[in-house]
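Colleague: Have a look at the structure that comes next, please.
Residue numbers (my numbering): 31 to 528.
In structure tokens, the structure reads:
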């Protein structure tokens, strides 16, 4: 499928809109293209109007309605992919609908980029009640319109970005199966385009296929053969699973179970829903291996790189934790931070009970203005509680902000003493770390980041983005600083189950 875009906020199209000739020019252009290439039916009027001066109502009046009238007059089979907003922007769409925009589009187009190059899960777009749910509510008066992602991608400069691209793409394809997003135009397929050195594309022009491109090519055709996507509860925080049914054809009616994590390395237990299952495990790049799921179950590793389990027709597989989790004793509890940057989220965000946190806590300077050389957070429980696992999540490091690398997890016992239960060093590709230890009764949990040196300069032991392997990139001065450096999205602690 090829879609053509007309208008993006340039001088010529703006002049046509202002002069009232936009509809006439649109009719002429669509008619000319139709005559020369009648198979081209899909048109996008304007690019990211919410970022080029139009609210939803103004867009409908000045751009959407005139274009739809013109295109439909010029080409009886035209499909108008309207909106194409930067982000999801439900409020913008609500105003478009109120202005009569339902009559001017056949497809809802959005550009749901994640901020700071985050993963889909960290951005939380598919969380219950988040933007995609709000968008569907906003356009509900239009009926059952298709929803398309007409432009998004991830930039790929740097170690973390380059390799995470494959996982991000494969996971998003599964999410789109769940969300009913039928089309996705990656920004962009092949090229060398960059902004401030950030290269966007699946294939680097004239050079090589990136992990994102290989994952797209290997995963999209497989998922296209499935429908009935449903969420599967895994019982393991941070681990996701989705089940789908084979539509036949080359897949032979095989079932599918997609399994991945929110960039957490852990294990889960697979058990057959009935008789033992001879499955095929397919990685995001298309490599396949046999996987036997016996009656007693089997433990399998899970990472941020999704695995597609292809199941024989009629077979089913359930997912469970290797060791069940009890209650998260930190959810909703008050948090004290050593320092907080004035533009960062409040420290209480770390006990929101989810790893899907867009705006994490970030360290600042101490009250007297000096560098915070041991930044961190402390969470008190609602009395003595026994815990045997703690998870710490940081922000993604695929853009231009820092994340955790080295840190210590400590607990306070009822006698007031602190003891270390986990020491993390060298965290990089994982955004979430899960620590297991012998059960201990606690009244508080603390996470602290130490100091280290880089080229003989004292610095916090953090990942200063993932661009150069955690070292300082050229846009972050190499200096002793705590402002916006230590970054924690979530701290969770669980009681033993049962």
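C-beta: ideal position from N, C-alpha, C; glycine also. In this text, all values refer to a predicted model and were calculated from it rather than measured experimentally.
Shortest alpha-carbon distance to residue 262 belongs to which of 444, 395, 472 and 348?
Modeller: Residue 262 has its Cα closest to that of 348, out of 444, 395, 472 and 348.
Colleague: Could you tell me how far apart the beta carbons of residue 232 and residue 256 are, in whole angstroms, since I believe they sit closer than 8 angstroms?
Modeller: About 22 angstroms; that fails the 8 angstroms criterion.
Colleague: Spell out a yes or no on whether the segment 220-228 and the segment 446-464 are touching, meaning 3 or more CB-CB pairs, one atom from each, closer than 8 angstroms.
Modeller: No: fewer than three Cβ pairs fall under 8 angstroms.
Colleague: In angstroms with no decimal places, state the Cα-to-Cα distance between residue 341 and residue 319.
Modeller: Distance between the alpha carbons of residue 341 and residue 319 is about 12 angstroms.
Colleague: For residue 371, which three-state DSSP category applies?
Modeller: If DSSP states are grouped into helix, strand and coil, residue 371 belongs with coil.
Colleague: CB residue 470 to CB residue 443, shorter than 8 angstroms?
Modeller: Contact: yes.
Colleague: Go through the segment 235-306 residue by residue and report every complete run of the alpha helix (DSSP H) that reaches 4 residues or more, in order.
Modeller: Qualifying alpha helix (DSSP H) stretches, in chain order: 241-253.
Colleague: According to DSSP, is residue 96 part of a helix, a strand, or is it coil?
Modeller: Three-state DSSP puts residue 96 in a helix.
Colleague: Going by DSSP in three states, residue 77 sits in which element: helix, strand or coil?
Modeller: Residue 77: coil per DSSP, three-state reduction.
Colleague: Would you mind stating whether residue 100 and residue 158 have Cβ atoms separated by less than 8 angstroms?
Modeller: Result no, Cβ atoms of residue 100 and residue 158 do not sit closer than 8 angstroms.
Colleague: Buried or exposed: residue 368, going by 16 or more other Cβ atoms within 10 Å of its Cβ?
Modeller: Residue 368 is buried by the Cβ-count criterion.
Colleague: DSSP state of residue 381, grouped into three classes?
Modeller: Looking at residue 381 - three-state DSSP - the assignment turns out to be helix.
Colleague: Using a threshold of 8 angstroms, state whether the C-beta atoms of residue 409 and residue 493 are closer than that.
Modeller: Their beta carbons are not under 8 angstroms apart, which means residue 409 does not touch residue 493 by this criterion.
Colleague: If you reduce the DSSP assignment to three classes, tell me which class residue 164 lands in.
Modeller: Three-state DSSP puts residue 164 in a helix.
Colleague: Entirely within the segment 466-513 and at least 3 residues each: give me those beta strand (DSSP E) ranges in chain order.
Modeller: Fully enclosed beta strand (DSSP E) runs of 3 or longer: 481-484 and 487-490.
Colleague: With residue 216 as the anchor, note down where its beta strand (DSSP E) starts and where it stops.
Modeller: Taken as a continuous stretch (DSSP letters only), the beta strand (DSSP E) holding residue 216 covers 211-216.
Colleague: Between the beta-carbon of residue 178 and the beta-carbon of residue 118, is there less than 8 angstroms?
Modeller: In this structure, residue 118 does not lie closer than 8 angstroms to residue 178 by Cβ.
Colleague: For residue 60, name the three-state secondary structure that DSSP assigns.
Modeller: Note: residue 60 maps to helix in three-state DSSP.
Colleague: Please classify residue 165: is it buried, with 16 or more other beta-carbons within 10 angstroms of its beta-carbon, or exposed?
Modeller: That one is buried.
Colleague: Under the rule that 16 or more other beta-carbon atoms within 10 Å means buried, what is residue 416, buried or exposed?
Modeller: When all chains shown are included, residue 416 counts as exposed.
Colleague: What whole-angstrom Cβ distance do residue 299 and residue 352 have, given they're in contact under 8 angstroms?
Modeller: Sure, about 5 angstroms apart at Cβ, within 8 angstroms.
Colleague: I think residue 394 touches residue 513, with their Cβ atoms under 8 angstroms apart; what is that distance to the nearest whole Å?
Modeller: About 6 angstroms separates the two Cβ atoms, so the contact holds.
Colleague: Does DSSP classify residue 207 as helix, strand or coil?
Modeller: In the structure shown, residue 207 sits in a helix (DSSP, three-state: H, G or I).
Colleague: Pull up the DSSP beta-bridge partners for residue 139, would you.
Modeller: Answer is 113 and 178, bridged to residue 139.
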